[in-house]
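> Top to bottom, those sequences are chains A and B. The working numbering puts the first residue of the first sequence at 6, with every later residue one more than the last. The working numbering puts the first residue of the second sequence at 2, with every later residue one more than the last.
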Amino acid sequence: MVEVTLWGSLAALVDGQKQIEVDAKDIRELFRKLAERYPALRGPIENDIAVSVDGVIYRDSWSKELPEDAEIFLMRRLVGG
Amino acid sequence: MSFDATYHDQIYKSVGTRPVRPDGVDKVTGRARYGADFNMPGQLVGRILRSPHAHARIVSIDTARAEALKGVKAVVTAADLPDLSDGDQSHYDLLDNCMARTKAFYDGHAVAAVAAIDAQTARKALKLIEVDYEVLPHVVDVDEAVQPSAPVLHDTIFTGGVEPKPTTPSNVAARAEFGHGDVDAGFEDADFIVERSFKTEQTHQGYIEPHACVASVNPDGTAELWVCTQGHFVYRQKCAELLGMDVSKLRVTSSEIGGGFGGKTHVWMEPVALALSRKAGRPVKLVMSRDEVFRASGPTSATSVDVKIGARQDGRITAASAELRYSCGPYADIWAELGAMTSFACYDLENVNTVGYEVLVNRPKTAAYRAPSAPMAAFAVESAIDELAQKLGIDPVAFRIKNAAREGTRSSYGPVYGPIGIGPTLEAAQTHAHMQAPLGPNQGRGMACGFWFNFGGQTCTDLNVNSDGTVTLAVGTVDVGGARASLSLVAAEELGIPYETVKTVVADTATLGYNDMTDGSRGTFSSSMATISSARNAIEVMRNRAALMWDISIEDVVWEDGQAKAIGSTHDNLAPLSIKEIAEASGKTGGPIAGHSEMVADGAGVSFATHICDVEVDPETGGTKILRYTVIQDAGKAVHPDYVEGQYQGGAAQGIGWALNEEYVYGQDGRLQNPGFLDYRIPVCSDLPMIDTQILEIPNPNHPYGVRGVGETSIVPPLAAIANAVSNAVGVRMTHIPMSPPRILAALDAQPTA
Chain A
6 MVEVTLWGSL AALVDGQKQI EVDAKDIREL FRKLAERYPA LRGPIENDIA VSVDGVIYRD
66 SWSKELPEDA EIFLMRRLVG G
Chain B
2 MSFDATYHDQ IYKSVGTRPV RPDGVDKVTG RARYGADFNM PGQLVGRILR SPHAHARIVS
62 IDTARAEALK GVKAVVTAAD LPDLSDGDQS HYDLLDNCMA RTKAFYDGHA VAAVAAIDAQ
122 TARKALKLIE VDYEVLPHVV DVDEAVQPSA PVLHDTIFTG GVEPKPTTPS NVAARAEFGH
182 GDVDAGFEDA DFIVERSFKT EQTHQGYIEP HACVASVNPD GTAELWVCTQ GHFVYRQKCA
242 ELLGMDVSKL RVTSSEIGGG FGGKTHVWME PVALALSRKA GRPVKLVMSR DEVFRASGPT
302 SATSVDVKIG ARQDGRITAA SAELRYSCGP YADIWAELGA MTSFACYDLE NVNTVGYEVL
362 VNRPKTAAYR APSAPMAAFA VESAIDELAQ KLGIDPVAFR IKNAAREGTR SSYGPVYGPI
422 GIGPTLEAAQ THAHMQAPLG PNQGRGMACG FWFNFGGQTC TDLNVNSDGT VTLAVGTVDV
482 GGARASLSLV AAEELGIPYE TVKTVVADTA TLGYNDMTDG SRGTFSSSMA TISSARNAIE
542 VMRNRAALMW DISIEDVVWE DGQAKAIGST HDNLAPLSIK EIAEASGKTG GPIAGHSEMV
602 ADGAGVSFAT HICDVEVDPE TGGTKILRYT VIQDAGKAVH PDYVEGQYQG GAAQGIGWAL
662 NEEYVYGQDG RLQNPGFLDY RIPVCSDLPM IDTQILEIPN PNHPYGVRGV GETSIVPPLA
722 AIANAVSNAV GVRMTHIPMS PPRILAALDA QPTA
């Protein structure tokens, strides 16, 4: 079980919750279970979300493992110059 | 094959050296082929008709007279670019920006295009296109656009991110909020509070090479595009989506690039060139003029930011907040959100809150510009931090060190930091000789910190060992700042061979797997990781070939110093096999030798920098001269230190131009008044001192060599560092960028006389 924190705009899509507990071993499973529980997240998961794991940002590495004690934060998928 | 990206300390032979750049001779002799240097037999000249109005409804477009002109082979309008967005707003916005559909949203917005046998005919044809506009009220200023009385650009946009959902349309496309703690309580605890408002004007990335491409669509629907871009795979994807093509049918080749800095991460006129070629049945070359580059591509946001920071007498910040309004042009994006995320990222704050507002205005679509949105936020925050340090009577560097984020700090944008480098850059600044150098009359010193996220992304490389033992490395990230040299060094390092025997090329989209573009400071970070992986895979092949040649087990073969060596008591008398010997025999041992890699190179790690700047301000003219400038930044590991220094210096130079001179100037009619380098002044060599650099190397734990991205963070601190220096020189807090001579004189004149 990992605790996931959501950035402000996303919280509105999950009944206003800022923290959610999900039983997931990696980012792929996390996204799958979030999409099942909160269908409104499906679009953002596909296009807008990156995952910060212990402060390191992962945009596309859905196989990244999520240790139980890791700090997991869903944040905006960034753009750069 | 699995790849371990974990950092391992090692002694380098190639990485960290400074060989001559492989593309240097071609660039200084004019042989290098940029976007406009491609030509095809029978190619036509493309030209685009642009709106002269800041905001206008397109009532009708009559192209008949243009199409009848001798020498005109095709005319296209939005009707030739059907809406295939299927509800995807970003797709629709991109299409609409390439060619206005119902309204022209800014001066310079494309409304039609022609392809003709020569430039004269094309220009003549543009004049024959009759556009009936219904001119609408416009708004170009970010603060005016948020007022209830402002003309609304889109009656379909209601501010997102607010509850309850608004019922009236607005130019504020979205609101985003970040932070933690209780800022009201934090300000209650403060002994001193600084609260100020800041503005920055819109600037252009200022790339020297205008957008340019040649498009050739064949009768069978296949097509080729030669283009100046930061990401040819992304351009292929976007053009195929916009034009309804199969991705496989469009082959895109990137040219050399004369600067991009984020401005060449979006398609602008490339889909139009393809549409013209599709209609004309001939290749079409489309090159923007400088006027078009300014009016219709790439600027960054104009901003308006309110900052409030409080601290106790002991120098600890108790609370910080900011409200940021960023212009997006006519299409909603996340520029203010990025500003809100980065504002206070350098600091360890118990109570922090930032709110960003995306503001739509009648200006060109905002594009990324090197650490997009961070420099403007840093200008406001670092100016207020400096002023607060002065109020507290604390040295500005010491004040920042006391409040700097560190491992374990919850960042202002949410996640908790791992190991980070803000502290070391500040400590290096504190002991740097620059900080102790004397200052003369009318001179001032300023410093500031900056943050950028950095990221990686999808990356693919092919490493081919040629029959003579030399190596060709094909990469898919466009070389914007010396990556071919850096990646050759990485391949040489991993294989244990001389740098000179490795040739790196940027492959086209038909010859290599997909690559994300060169943005987010990811080029060298990502492609070096994939290169290491490719090289290790090639080494496995070569160990196998050596084992075959020796007729021993592969477990008894190791790779050292560019050679296969047999180990074990029964084989260690065998003479090593060099890469050349293995390559020469490859035809008889299984065929060509290559190593491939396809990966998502994540784990880039956040980046910090500290800059120091000395200026002298002429109190009579308001002119500012940069006397001395120092950049201190963490590179993780500098693969080719010359290029790392070049990135540091380039970011600082662009920041200096932004801070002192560059700005879009609009007239009352909403038209851009200065779309050229004579009136929009970027710094030239004579404006700048030699920019000093100090590379810190704190390894990134998520890269085998510890590499971090270095391309963007260097533009974050300059606006604030220079503003602090100018403010210290003239004794007036400067709050409006650029600090052009008239603006400095106005600030001085506004001071009460003694």
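Even glycine gets a Cβ: it sits at the ideal position worked out from N, Cα and C.
Where E293 of chain B and W269 of chain B are concerned, what is the direct C-alpha to C-alpha distance, given to the nearest angstrom?
11 Å
> My understanding is that T122 of chain B touches L70 of chain B, with C-beta atoms under 8 Å, so please give their C-beta distance in whole angstroms.
7 Å
> So which residues on chain B does F78 of chain A lean against when the C-beta distance must stay under 7 Å?
G415 and P416
> Tell me the DSSP bridge mates of G445 of chain B?
B:V616
> So what does E164 of chain B bridge to, in DSSP terms?
None, per the DSSP bridge assignment.
> Classify H9 of chain B as buried or exposed, calling it buried when 16 or more other Cβ atoms lie within 10 Å of its own Cβ.
exposed
> For S598 of chain B, decide whether its Cβ has a neighbour in chain A, counting only Cβ atoms nearer than 9 Å.
no
> Hey, how far is the Cα of A567 of chain B from the Cα of G588 of chain B?
21 Å
> Helix, strand or coil: which one does DSSP assign to P220 of chain B?
coil
> Output yes or no for whether 9 Å exceeds the beta carbon distance between C229 of chain B and S255 of chain B.
yes
> How many whole angstroms separate the CB atoms of A724 of chain B and S384 of chain B, which I take to be in contact at a CB cut-off of 8 Å?
5 Å
> With distances taken Cα to Cα, identify the nearest neighbour of M436 of chain B among B:A726, B:F39, B:D27 and B:A113.
B:A726
> Cα separation between S278 of chain B and T694 of chain B?
47 Å
> Under a Cβ-count criterion, where at least 16 other Cβ atoms within 10 Å of its own Cβ denotes burial, should T343 of chain B be classed as buried or exposed?
buried
> Between the region 386 to 402 of chain B and the region 123 to 140 of chain B, do three or more beta carbon pairs fall short of 8 Å?
no
> For H56 of chain B, which three-state DSSP category applies?
coil
> Against chain A, which members of the region 367 to 384 of chain B pass a CB distance test of less than 9 Å?
Of all residues in the region 367 to 384 of chain B, A368, A369, Y370, R371, A372 and P373 have a Cβ within less than 9 Å of some Cβ in chain A.
> What ranges does the alpha helix (DSSP H) occupy inside the region 345 to 390 of chain B, keeping only unbroken runs of at least 4 residues that lie completely in it?
none
> From this set, B:Y332, B:G671 and B:A405, which residue's C-alpha is nearest S91 of chain B's C-alpha?
Of the candidates B:Y332, B:G671 and B:A405, the one whose C-alpha sits nearest the C-alpha of S91 of chain B is B:Y332.
> Given a cut-off of 9 Å on the beta-carbon distance, is the pair V73 of chain B and A65 of chain B in contact?
no
> If we cut at 9 Å on Cβ distances, does I25 of chain A have a partner in chain B?
no
> Looking at N354 of chain B: is its Cβ nearer than 9 Å to the Cβ of T319 of chain B?
no
> Using three-state DSSP, classify E202 of chain B as helix, strand or coil.
E202 of chain B carries a coil assignment under DSSP once its states are collapsed to helix, strand and coil.
> So which of B:Q674, B:V618, B:C614 and B:D643 has the shortest CA-CA distance to V733 of chain B?
B:V618
> Can you give me the C-alpha to C-alpha distance between M246 of chain B and V29 of chain B, rounded to a whole angstrom?
38 Å
> Tell me Q459 of chain B's beta-bridge partners as DSSP assigns them.
Its beta-bridge partners are B:V601.
> Counting contacts by CB-CB distance shorter than 9 Å, is Y63 of chain A in contact with chain B?
yes
> Taking a Cβ distance cut-off of 9 Å, strictly less, list which residues of the region 250 to 279 of chain B are near chain A, in chain order.
Of all residues in the region 250 to 279 of chain B, G261, F262, G263, G264 and T266 have a Cβ within less than 9 Å of some Cβ in chain A.
> At a Cβ threshold of 9 Å, is D520 of chain B touching chain A?
yes
> Check the Cβ of A660 of chain B against every Cβ in chain A and list those closer than 7 Å, keeping chain order.
Correct list: empty, because the minimum Cβ distance to chain A is about 17 Å.
> Helix or strand or just coil, what does DSSP make of K128 of chain B?
helix
> Examine chain B for any beta-carbon lying closer than 9 Å to the beta-carbon of R33 of chain A, and answer yes or no.
The beta carbon of R33 of chain A does not come within 9 Å of any beta carbon belonging to chain B, so the residue lies off that interface.
> Tell whether a beta-carbon distance below 9 Å holds between W12 of chain A and A177 of chain B.
yes
> Let me check one thing: in DSSP terms, what residues is T319 of chain B bridge-paired to?
T319 of chain B is not bridged to any residue.
> Could you check where the alpha helix (DSSP H) with E338 of chain B kicks off and where it finishes?
W336 to T343
> Per DSSP, W227 of chain B is paired with what?
When beta bridges are read from the DSSP output, W227 of chain B appears opposite B:V215 and B:T254.
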